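Beneath this line is the structure, given in structure tokens, with notes to follow.
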Amino acid sequence: METAGIALLYLQLHRVTKEQSHLLRSLDYVKRILRNLNGRRVTFLCGDAGPLAVGAVVYHKLKNNAESKDCVTNGASNVDQETLTELVKPSIDYVRHKKFRSGNYPSSLSNETDRLVHWCHGAAGVIHMLMQAYKVFKEEKYLRDAMECSDVIWQRGLLRKGYGICHGTAGNGYSFLSLYHLTQDKKYLYRACKFAEWCLEYGAHGCRIPDRPYSLFEGMAGAIHFLSDVLVPEKSRFPAFELGPQRKENKEENNS
Ligand SMILES: [Zn+2]
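When we follow my numbering, the leftmost residue of the sequence shown carries the number -14, and every step to the right adds one.
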């Protein structure tokens, strides 16, 4: 994932700056990864689906539609309505019911300590599930719970673990950007900006140096991704995870 993460960061920088050189740099990385897919794992972050998705977008932006389609056919999957209501919704409600009194969520099923507030563990990850549930099922309870997560992240989400997006402050900052999209409430944009300020003082808080200091999920690439998204909060999205409002974006691209 390390190389795919860097490819995704260059794609993001292209999106924000419109610089063609960033797109070409992303393509270099994508080509390198696509040569080495192993076809064994289907998960987005650790398998082939992530690199294929990045490849599809990069090729699409370069107007190379054949290559782009190839990436999509190799990586796409679908969830039908029945799976949504019979399996996904009850699973979401099960996670909701595991909420701690503080508003945070357990990091795993067997762990009852209310300690971690990261994208990968706790409220900062669960909030994305809740926001998506609200969009799909349109039930207020999901939005209410998401707002409660946001309060927990605001109070406990500045992390000494680092600045990354997996278990760092930038990842927690993304929860505010996403909730800002959903609600248009400027309070959440304010929170995102405050977390961005913290990230701008990179290295000044005595944080631990991550195992992969430059990686998208643990390291500096993720923090840069977040900061570049704060510049255009209306278009921000958590990398490799959150989908944008597709139709709107296509329209914008056609106009430019
Ligand atoms: Zn993590």
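We put the beta carbon where it would ideally sit given N, CA and C, even for glycine. All of these numbers come straight from a predicted model, not from anything done at the bench.
Coil, strand or helix - residue i by DSSP
i: K46; result: helix
i: D33; result: coil
i: K146; result: coil
i: S241; result: Reliability fails at S241, whose pLDDT of 42 lies under 50, so the model's placement of it is uncertain and the value that follows must be treated cautiously. Coil at S241, not helix or strand.
i: C151; result: coil
i: G24; result: coil
i: K84; result: coil
Nearest-angstrom Cβ-Cβ length linking residue i and residue j, presumed shorter than 8 Å
i: K146; j: R193; result: 6 Å
i: A208; j: L(-6); result: That pair is no contact at about 10 Å.
i: F202; j: I150; result: 6 Å
i: G158; j: A131; result: That belief does not hold up - the Cβ atoms of G158 and A131 are roughly 15 Å apart, past 8 Å.
i: D78; j: G60; result: Incorrect: roughly 29 Å between the Cβ atoms, too far for contact.
Candidates the options, of which the one nearest residue i by Cα
i: H190; options: S200, S160, L143, E227; result: L143
i: K83; options: H103, A108, A208, C151; result: A108
i: T168; options: V137, A225, E125; result: E125
i: D99; options: I138, K74, Y44, I150; result: I138
i: G156; options: K172, Y165, G204; result: G204
i: K46; options: N63, L22, Q(-3), S76; result: Q(-3)
i: E(-13); options: L9, G35, H7; result: G35
i: K3; options: L72, S213, P224; result: S213
i: W104; options: N96, H7, E97, M114; result: M114
i: H152; options: L101, F226, T58; result: L101
i: S95; options: V15, H106, S87; result: H106
Span of the alpha helix (DSSP H) around residue i
i: A61; result: A61 -> no alpha helix (DSSP H), and no H or E assigned at all.
i: S163; result: 154 to 168
i: R81; result: 74 to 81
i: K16; result: 5 to 19
i: E71; result: Taken as a continuous stretch (DSSP letters only), E71 belongs to no alpha helix (DSSP H), as it is neither H nor E.
### Query
In chain order, which alpha helix (DSSP H) runs of at least 4 residues are fully inside the segment 86 to 141?
Taken in chain order, the complete alpha helix (DSSP H) segments of 4 or more residues contained in the segment 86 to 141 are 108 to 122, 125 to 141.
#### Entry: Contained alpha helix (DSSP H) runs [length at least 4] in the segment 179 to 233, N- to C-terminal order
Taking 4 residues as the minimum length, the alpha helix (DSSP H) runs contained wholly in the segment 179 to 233 are 205 to 216, in order along the chain.
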